[in-house]
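Asks: Quick one: structure below, then a few questions.
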Amino acid sequence: MIIFPVTLVVSFLRYTPLFDAAVSSLTPVMGLFGLPGEAALPLVLGNFLNLYAAIGAMLAMDLTVKQVFILALMLSFSHGLPVESAVCKRIGAGFWIVTGFRVALALAAGLLVNLLWRGGSEPASYGLVAPAQAEPEGFFEVAAAAFGAAFFGVVQISLIVLAVMFVIQILKDLGALGLFARMTKPLLKPLGISSRGSVTMAGGLVFGLAFGAGIILEQAREHDFSRREITLIALFLCACHAVIEDTLIFIPLGINVLPLLVIRLVTAVVLVALIAALWKETSATSKTPVVNKD
């Protein structure tokens with residue numbers, strides 16, 4: 001699992017001069033979001049790898065509740081860009097459109113929360129990862145502290161992931177995806193998406209862009225989505241997908257995860273509805289997008 005090596009390495013490096021130099025150089029930029037310079041590391045790991053790598057890095061850092069929430073929110077909007085943007089490209093949405101959309105959402109969310117939220121200054125409590133009583137000194141103490149943080153980080157995230165996978169498997173066995181798709185159909189019209197996109201939307205919302213890629217690609221091949229419609233679907237799912245997994249895996253960071261879900265869902269609905277209202281269907285956008293048949 002990626003969390004263990006990432007947490008181990010970051011925990012160890014944060015006591016080295018190299019880490020201090022990197023933090024100092026990034027502090028002015030990260031300060032715009034109310035974050036320390038070291039917070040750039042989980043953002044980079046999350047965007048180029050996945051959320052698990054980002055959380056592994058965060059577990060090795062001393063952050064406040066507000067800082068953890070800001071990072072979690074930014075990463076909720078923008079993570080796993082190489083893989084998830086590639087999925088969007090396969091279904092006919094522009095790679096750079098969805099990537100730019102997600103990065104812009106993350107940056108705007110971080111700036112707004114930092115400006116509007118005055119609380120959350122207390123130190124974050126990382127569940128099973130208890131805060132150190134004293135700074136470790138010497139190689140062996142640092143190594144032991146890093147190993148402990150990595151081990152407990154893996155334990156708690158694994159518990160969450162196992163529970164999430166169990167729930168998702170039950171939903172699959174019960175055929176809940178079809179039921180969820182039928183429930184969401186009335187909500188699609190204001191978003192400029194026809195009812196035939198309900199299964200695609202449901203698949204992305206429940207399973208995510210990466211794990212739900214099979215469902216999303218299959219639906220894109222079967223239905224004659226217009227360029228406009230598939231782009232709106234992709235933008236919505238970029239802002240809000242994998243609502244079970246991507247929400248619950250932040251629980252070990254000791255924050256209230258419900259606001260994360262609400263903010264993502266409201267943002268996706270409002271922005272996509274606005275884009276749909278401004279972007280009218282034309283002969284150019286009504287053409288079926290090219291979907292890779294391989």
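Numbered per full-length UniProt numbering, the sequence shown spans residues 1 to 294.
Even glycine gets a Cβ: it sits at the ideal position worked out from N, Cα and C.
Note that the structure is predicted; figures quoted are calculated from it, not measured.
#1: Use the C-beta contact count for N256: other C-beta atoms within 10 angstroms, 16 or more gives buried, fewer gives exposed.
#2: On the premise that G203 lies in contact with residue 358, defined as a C-beta separation below 8 Å, what is that separation, rounded to the nearest angstrom?
#3: Which residue marks the beginning of the alpha helix (DSSP H) containing P36, and which one marks its end?
#4: Using C-beta distances below 6 Å, list every residue in its chain close to F250, excluding the 5 sequence neighbours before and after it, in chain order.
#5: My output table needs one value for T64: the three-state DSSP class, helix, strand or coil.
#6: Within the same chain, show all residues whose beta-carbon is closer than 7 Å to that of V83, passing over the 5 residues directly before and after it, in chain order.
#7: Three or more beta-carbon pairs under 8 Å between the segment 42–56 and the segment 222–230, yes or no?
#8: When you compare only the Cα positions, how much space is there between V199 and G178?
#9: Could you check if F166 is buried or exposed, using at least 16 other CB atoms within 10 Å of its CB as the buried criterion?
#10: Determine, using beta carbons only, whether N50 and G31 come nearer to each other than 8 Å.
#11: Near F147, which residues of its chain fall below 7 Å by C-beta distance, leaving aside the five closest residues on each side in sequence?
#12: Between L26 and G34, which are expected to be in contact by the criterion C-beta below 8 Å, what is the C-beta distance as a whole number of angstroms?
#13: Between which two residues does the alpha helix (DSSP H) harbouring G110 extend?
#14: Whole-angstrom Cβ separation of S78 and V103, contact assumed at under 8 Å?
#15: Near I70, which residues of its chain fall below 7 Å by C-beta distance, leaving aside the five closest residues on each side in sequence?
#16: To the nearest angstrom, how far is it from the Cα of I244 to the Cα of F207?
#17: Express the C-alpha separation of A108 and V270 in angstroms, rounding to a whole number.
#18: For V98, which option in C238, V266, K280, T247 has the closest C-alpha, if you only look at C-alpha atoms?
#19: Quick one: what's got a C-beta closer than 7 Å to A276's C-beta in the same chain, skipping five residues either side?
#20: Are the CB atoms of M58 and L253 nearer to each other than 8 Å?
#21: Which residue from E218, F12, L116, L187 puts its Cα closest to that of A273?
#22: How many Å lie between L235 and T267 at the Cα?
#23: How big is the Cα-Cα spacing for F12 and K280?
#24: Rounded to whole angstroms, how far is the Cβ of L43 from the Cβ of L75, which I believe are closer than 8 Å?
#25: If I follow the unbroken alpha helix (DSSP H) through D224, where does it start and stop?
Replies: So, from the data block:
#1: In the sequence shown, counting from the first residue as 1, residue 256 sits at position 256. Answer is exposed; the Cβ neighbour count stays below 16.
#2: As displayed, the chain neither begins before 1 nor continues past 294, which places residue 358 out of reach and without an answer.
#3: Locating residue 36 in the sequence shown gives position 36, where the first residue counts as 1. First-last for P36: undefined, no H or E at that position.
#4: For the purposes of this step, residue 250 is identified with residue 250 of the sequence shown, where counting begins at 1. Closer than 6 Å at the Cβ level, and outside the excluded window around F250, lie A72, V257.
#5: Looking up residue 64 in the sequence shown gives position 64. In the structure shown, T64 sits in a strand (DSSP, three-state: E or B).
#6: In the sequence shown, the residue the question calls residue 83 occupies position 83. Only A210 meet the Cβ criterion.
#7: no
#8: Against the sequence shown, residue 199 aligns to sequence position 199. Against the sequence shown, residue 178 aligns to sequence position 178. Near 7 Å, if we compare the C-alpha coordinates of G178 and V199.
#9: Translated into positions along the sequence shown, residue 166 becomes position 166. Counting Cβ neighbours within 10 Å, F166 comes out exposed, since fewer than 16 surround it.
#10: Position 50 of the sequence shown holds residue 50. Position 31 of the sequence shown holds residue 31. Cβ atoms of N50 and G31: not closer than 8 Å.
#11: As a position in the sequence shown, residue 147 is number 147, starting the count at 1. Same-chain partners within the cutoff: L8.
#12: Position 26 of the sequence shown holds residue 26. Position 34 of the sequence shown holds residue 34. Actually they do not touch by this definition, with Cβ atoms about 14 Å apart.
#13: The count along the sequence shown starts at 1 and reaches residue 110 at position 110. Note, G110: alpha helix (DSSP H), 95–116.
#14: If you number the sequence shown from 1, residue 78 lands on position 78. If you number the sequence shown from 1, residue 103 lands on position 103. Confirmed, Cβ separation roughly 5 Å.
#15: As a first step, residue 70 must be located in the sequence shown, where it is residue number 70. Cβ neighbours of I70 beyond the five flanking positions: F33, G34, L35, G110, V113, N114.
#16: Residue numbering aside, residue 244 sits at position 244 when the sequence shown is read from its first letter. Residue numbering aside, residue 207 sits at position 207 when the sequence shown is read from its first letter. Distance between the alpha carbons of I244 and F207: 8 Å.
#17: Taking the first residue of the sequence shown as position 1, residue 270 is located at position 270. Taking the first residue of the sequence shown as position 1, residue 108 is located at position 108. For V270 and A108, the distance between alpha carbons rounds to 15 Å.
#18: Taking the sequence shown and counting its residues from 1, one reaches residue 98 at position 98. The candidate whose alpha carbon is nearest that of V98 is C238.
#19: Taking the sequence shown and counting its residues from 1, one reaches residue 276 at position 276. Within the same chain, A276 has close Cβ partners L191, G192, L232.
#20: Residue numbering aside, residue 58 sits at position 58 when the sequence shown is read from its first letter. Residue numbering aside, residue 253 sits at position 253 when the sequence shown is read from its first letter. For M58 and L253, yes; Cβs fall inside 8 Å.
#21: As a first step, residue 273 is located in the sequence shown; it is residue number 273 there, counting from the start. Among E218, F12, L116, L187, the Cα nearest to that of A273 belongs to L187.
#22: The count along the sequence shown starts at 1 and reaches residue 235 at position 235. The count along the sequence shown starts at 1 and reaches residue 267 at position 267. Their backbone Cα atoms lie some 11 Å apart in a straight line.
#23: The residue labelled residue 12 in the question sits at position 12 within the sequence shown. The residue labelled residue 280 in the question sits at position 280 within the sequence shown. Answer to the nearest angstrom: the Cα atoms are 53 Å apart.
#24: Taking the first residue of the sequence shown as position 1, residue 43 is located at position 43. Taking the first residue of the sequence shown as position 1, residue 75 is located at position 75. Correct: roughly 7 Å between the Cβ atoms.
#25: In the sequence shown, residue 224 corresponds to position 224, counting from 1. That residue, D224, is in no alpha helix (DSSP H); it is neither H nor E in DSSP.
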